[in-house]
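A.B. asks: Line order of the protein sequences matches chains L and Y. Each number in this note's numbering corresponds to the 1-based position in the first sequence with 18 added. Each number in this note's numbering corresponds to the 1-based position in the second sequence with 18 added. The structure follows.
There are 2 protein chains.
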Amino acid sequence: MNVLIVHAHPEPQSFTTSMLRQAVHALSSQGHEVNVSDLYAMEWNPVASAADFGGRKNEGYLTYALEQRENVATGSIAPDIAAELDKLLACDLLIFSFPLFWCSVPAIMKGWIDRVFVSGKVYGGLRFYDRGGMRGKRALLAYTCGGRDFMFDEQGVHGEMDLMLRHMLRGTLGYAGFKVLPSFIGYHVPYIEQAERTALLQRYGDYLTKLDQLQPLALPTLDAFDEQMRPRAVVAQRDVIA
Amino acid sequence: MNVLIVHAHPEPQSFTTSMLRQAVHALSSQGHEVNVSDLYAMEWNPVASAADFGGRKNEGYLTYALEQRENVATGSIAPDIAAELDKLLACDLLIFSFPLFWCSVPAIMKGWIDRVFVSGKVYGGLRFYDRGGMRGKRALLAYTCGGRDFMFDEQGVHGEMDLMLRHMLRGTLGYAGFKVLPSFIGYHVPYIEQAERTALLQRYGDYLTKLDQLQPLALPTLDAFDEQMRPRAVVAQRDVIA
């Protein structure tokens with residue numbers, strides 16, 4: 019299996035970075051090929067802009083997705099995007115490794131998605147969800163947060179974590195066509211003791227050896243919708259958990 | 019009323035930018051003071067990092083939120099953050115104006131949140147939701163997207179838009195203490211004709227004259243939770259819509 023881990027943390031000694039090292043170790047030990055894009059170390063530029071395109075289809079007005087399609091097709095997309103896109107297209111499993119910032123990914127990682135999840139390859143036309151460009155691949159969020167697990171359940175103060183992360187799980191990874199595995203979450207990380215951290219790293223390593231046993235999140239199938247994306251029949255949304 | 023509009027679009031001629039101008043006009047006409055932070059024009063740096071702090075509480079290990087608290091207190095936070103924080107603290111109404119990128123804000127705007135929503139002022143300790151630092155202020159998302167409205171209702175292919183944006187509505191604005199007004203959404207914008215665009219701008223202008231008539235989103239109250247954030251009683255989460 020080819021694995022791409024996209025990682026972002028502003029502190030190289032962080033626990034999240036220990037999780038990254040654990041993932042590289044656990045996956046390499048199983049014989050998988052592991053690539054890491056460490057966005058802070060790479061000084062990744064997260065800002066989608068006209069500068070991403072070597073040649074413009076429309077010089078007078080920037081339609082970002084249109085220029086993505088054109089510039090990927092003609093090989094004139096910015097080299098930093100092209101390099102990441104090659105890694106993305108080659109991978110069987112994509113892992114986003116990050117600390118939760120405002121119930122989402124840090125901006126530097128959001129900008130990896132904005133710039134690398136290009137129209138024409140990752141999605142486009144009616145190719146999304148189970149017809150998305152990334153179908154056949156799997157994806158996983160592995161993240162840390164300050165809150166406790168019970169704060170993120172249905173009765174918790176923040177509600178279910180998978181609903182808070184729906185924009186990532188469903189709106190991004192699911193939309194792109196990935197099978198989305200259940201997230202691995204390190205709760206309360208800034209406040210736990212060393213023994214708990216060690217146990218958490220161990221659990222993460224174990225988790226990564228058992229990915230085939232995990233049930234992917236339930237996501238929409240386009241078969242349930244017509245060409246205008248009108249539902250063919252009433253769907254029980256409660257069955258779509260992410 | 020003092021209004022801060024934080025705006026991000028990579029194309030200055032975009033319809034989203036017309037919405038920004040409409041907002042400035044509609045709000046100024048009502049006698050409100052309007053400040054605009056146009057993030058692409060400002061070349062805003064979205065990457066939270068050690069460089070944001072003039073003096074470090076802990077030089078050997080970066081805990082971003084801790085250094086935010088310390089550096090705001092001592093006046094040594096980066097000048098670009100300090101300037102935006104002043105605008106944020108002065109406003110009565112915050113509007114985020116943007117095109118939807120991957121069911122969220124563009125990275126440059128996520129990085130405004132990561133860096134400006136500082137610990138110690140915006141949140142911290144047990145000050146969040148109805149005890150958050152921004153209590154007394156209101157906030158609103160005003161955004162455009164390519165999809166049609168029926169794709170984002172309960173039976174739609176993407177499910178309810180407010181659930182897709184929960185990380186922003188509840189996890190960010192609600193958490194910070196804002197009263198969150200219903201979003202103004204321009205659907206299907208890349209595909210609509212000029213007459214529809216004109217009508218949409220008109221509706222947005224009208225919307226901004228009637229903010230006092232809008233019912234804020236239902237969000238948790240900390241009164242329902244104890245000091246450990248355990249629920250005092252079972253809450254009907256279905257009543258919390260955002």
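We put the CB at the ideal spot given by N, CA and C, even for glycine. From a predicted model like this one, the values you see are computed outputs, not experimental measurements.
In angstroms, rounded to a whole number, what distance separates the CA positions of Asn89 of chain L and Tyr205 of chain L?
C.D. replies: 41 Å
A.B. asks: Can you tell me whether Ser137 of chain Y is helix, strand or coil according to DSSP?
C.D. replies: strand
A.B. asks: Which residue marks the beginning of the alpha helix (DSSP H) containing Val21 of chain Y, and which one marks its end?
C.D. replies: Unbroken run through Val21 of chain Y is the beta strand (DSSP E), 20-25; no alpha helix (DSSP H).
A.B. asks: Please state whether DSSP places Asn89 of chain L in a helix, a strand or coil.
C.D. replies: helix
A.B. asks: Roughly how many whole angstroms lie between the Cα atoms of Tyr209 of chain L and Leu80 of chain Y?
C.D. replies: 15 Å
A.B. asks: Out of curiosity, what's the CA-to-CA distance linking Gly154 of chain Y and Glu77 of chain L?
C.D. replies: 45 Å
A.B. asks: Excluding the 5 residues flanking His185 of chain Y on each side, which residues of the same chain have their C-beta closer than 8 Å to its C-beta?
C.D. replies: Ser122, listed in sequence order.
A.B. asks: Going by the DSSP bridge assignment, what does Ile13 of chain Y pair with across the sheet?
C.D. replies: Absent from the structure is residue 13 of chain Y, since the part of chain Y shown begins at 19 and ends at 260.
A.B. asks: May I ask you to report which of helix, strand or coil DSSP gives Arg188 of chain Y?
C.D. replies: In the structure shown, Arg188 of chain Y falls within a helical segment according to DSSP collapsed to helix, strand and coil.
A.B. asks: So, are the CB atoms of Ala26 of chain Y and Pro124 of chain Y less than 9 Å apart?
C.D. replies: Yes, they are a contact pair.
A.B. asks: Pick helix, strand or coil for Val198 of chain L, following the three-state DSSP scheme.
C.D. replies: Three-state DSSP puts Val198 of chain L in a strand.
A.B. asks: Leaving out five residues on either side along the sequence, give the residues of the same chain with a beta carbon under 7 Å from the beta carbon of Met152 of chain Y.
C.D. replies: Val140, Ala194, Gly195, Phe196
A.B. asks: From L:Ala157, L:Leu219, L:Arg248, pick the residue whose C-alpha is nearest to that of Glu172 of chain Y; which is it?
C.D. replies: If we check each option's Cα against that of Glu172 of chain Y, L:Arg248 comes out closest.
A.B. asks: Taking DSSP's pairing of strands, which residues face Ser55 of chain L in a bridge?
C.D. replies: L:Val24
A.B. asks: By the three-class DSSP mapping on this structure, what secondary structure does Gly49 of chain L have?
C.D. replies: coil
A.B. asks: Anyone know if the C-beta pair for Tyr222 of chain L and Ala41 of chain L falls short of 9 Å?
C.D. replies: Taking 9 Å as the cut-off, the Cβ atoms of Tyr222 of chain L and Ala41 of chain L count as close.
A.B. asks: Is there contact between the region 98-109 of chain Y and the region 47-65 of chain Y, where contact requires at least three CB pairs shorter than 8 Å?
C.D. replies: yes
A.B. asks: Between Cys163 of chain Y and Val207 of chain Y, what straight-line distance do the alpha-carbon atoms span, to the nearest angstrom?
C.D. replies: Cα to Cα, Cys163 of chain Y sits roughly 6 Å from Val207 of chain Y.
A.B. asks: Can you name the residues of chain L whose CB is closer than 8 Å to the CB of Phe170 of chain Y?
C.D. replies: Listed by position along chain L, the residues whose Cβ is nearer than 8 Å to that of Phe170 of chain Y form an empty set, because the closest Cβ is around 10 Å away.
A.B. asks: Would you list, in sequence order, the uninterrupted alpha helix (DSSP H) runs of no fewer than 4 residues that lie entirely inside the region 198-238 of chain L?
C.D. replies: Runs of the alpha helix (DSSP H) lying entirely within the region 198-238 of chain L, each at least 4 residues long, are 212-227 in chain order.
A.B. asks: Is there a Cβ from chain Y that is less than 9 Å from the Cβ of Leu235 of chain L?
C.D. replies: no
A.B. asks: Within the 9 Å Cβ cut-off, does His176 of chain L reach chain Y?
C.D. replies: At least one chain Y Cβ lies under 9 Å of His176 of chain L.
A.B. asks: Note down, in chain order, every chain Y residue with its Cβ under 9 Å from the Cβ of Ile113 of chain L.
C.D. replies: Ordered by position in chain Y, no residue passes the 9 Å Cβ test against Ile113 of chain L, which lies about 17 Å from the chain.
A.B. asks: Quick one: residues in its chain with C-beta nearer than 7 Å to the C-beta of Pro30 of chain Y, no 5 flanking neighbours on either side, listed in chain order?
C.D. replies: Sequence-distant Cβ neighbours of Pro30 of chain Y in its own chain, meaning closer than 7 Å and more than five residues away, do not exist here.
A.B. asks: Less than 9 Å between CB atoms is the rule here; does Lys128 of chain Y satisfy it with respect to chain L?
C.D. replies: Cβ-Cβ to chain L under 9 Å: yes for Lys128 of chain Y.
A.B. asks: Give me, in chain order, the residues of the same chain whose beta-carbon lies closer than 7 Å to that of Val175 of chain L; leave out the 5 immediate sequence neighbours on both sides.
C.D. replies: Cβ within range, chain order: Met169.
A.B. asks: Could you tell me whether the Cβ of Leu181 of chain L comes closer than 9 Å to any Cβ of chain Y?
C.D. replies: yes
A.B. asks: Just checking: is the beta-carbon of Met247 of chain Y within a distance shorter than 9 Å of some beta-carbon in chain L?
C.D. replies: yes
A.B. asks: Measure the alpha-carbon distance for Ala213 of chain L versus Asp224 of chain L and round it to whole angstroms.
C.D. replies: 17 Å
A.B. asks: Chain L beta carbons: is any one of them nearer than 9 Å to that of Tyr58 of chain Y?
C.D. replies: yes
A.B. asks: On the three-state DSSP scale, how would you describe Gly129 of chain L?
C.D. replies: helix
A.B. asks: Could you tell me which residues DSSP puts in a beta bridge with Ile99 of chain Y?
C.D. replies: Answer is none; Ile99 of chain Y lacks a bridge partner.
A.B. asks: Sorry if obvious, but does the Cβ on Asp180 of chain L come closer than 8 Å to a heavy atom of the ligand COA?
C.D. replies: For the ligand COA, the structure offers nothing, since it holds no ligand at all.
A.B. asks: Who are the near neighbours of Thr346 of chain L in its chain, counting only those whose CB is closer than 8 Å to its CB and skipping five residues on each side?
C.D. replies: No answer is possible for residue 346 of chain L: it lies beyond the span of chain L, which begins at 19 and ends at 260.
A.B. asks: If you follow the alpha helix (DSSP H) that Met179 of chain L is in, where does it begin and where does it stop?
C.D. replies: 179-182
A.B. asks: Output yes if chain L places a C-beta closer than 9 Å to the C-beta of Phe135 of chain Y; else output no.
C.D. replies: yes
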